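The next block holds one structure in the form of C-alpha cells; read it before the comments.
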Amino acid sequence: MSNQSWLTLLQQTPAIAVIRTAQVEQGRQMALAVAAGGIQLIEITWNSDRSTELIQQLRLELPNCTIGTGTLLT
Numbered sequence: 001m002s003n004q005s006w007l008t009l010l011q012q013t014p015a016i017a018v019i020r021t022a023q024v025e026q027g028r029q030m031a032l033a034v035a036a037g038g039i040q041l042i043e044i045t046w047n048s049d050r051s052t053e054l055i056q057q058l059r060l061e062l063p064n065c066t067i068g069t070g071t072l073l074t
C-alpha cells in the first residue's frame, strides 16, 4: 500500500481497532466482532501470541478490512 493510499484510508476511517491477546482464537473472535461493527482497520500487536499466523488468517477471512501489525519494538 502506498503512503498516499494509507493516508487516504486513515482520513476516511474514524477508528483503528488494536487487538492484543495471548490466544489466537480470542484475537480472531475480537477481529471478527470489530469488523462486524464496521471497523475496517485492525491492528494485531506483534507481541500477541502467533501474531503472524493470526494476521494471515484474518486477511483471508476479512478481505474488506486492512489488517496490519504494531508494537514491533516495545
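Per this note's numbering, the sequence shown runs over residues 1 to 74.
For every residue, glycine included, the Cβ atom is placed at its ideal position computed from N, Cα and C.
Please read all numbers here as calculations on a predicted model, not as lab measurements.
Between residue 48 and residue 66, the CB-CB gap reaches or exceeds 8 Å. At a Cβ-Cβ threshold of 8 Å, residue 69 and residue 55 count as neighbours. Excluding residues up to 5 positions away in sequence, 17, 31, 65 and 67 lie with their Cβ nearer than 6 Å to the Cβ of residue 42 in the same chain.
In the structure shown, residue 13 adopts coil according to DSSP, grouped into three states.
Residue 24 places its beta carbon 8 Å or farther from that of residue 59.
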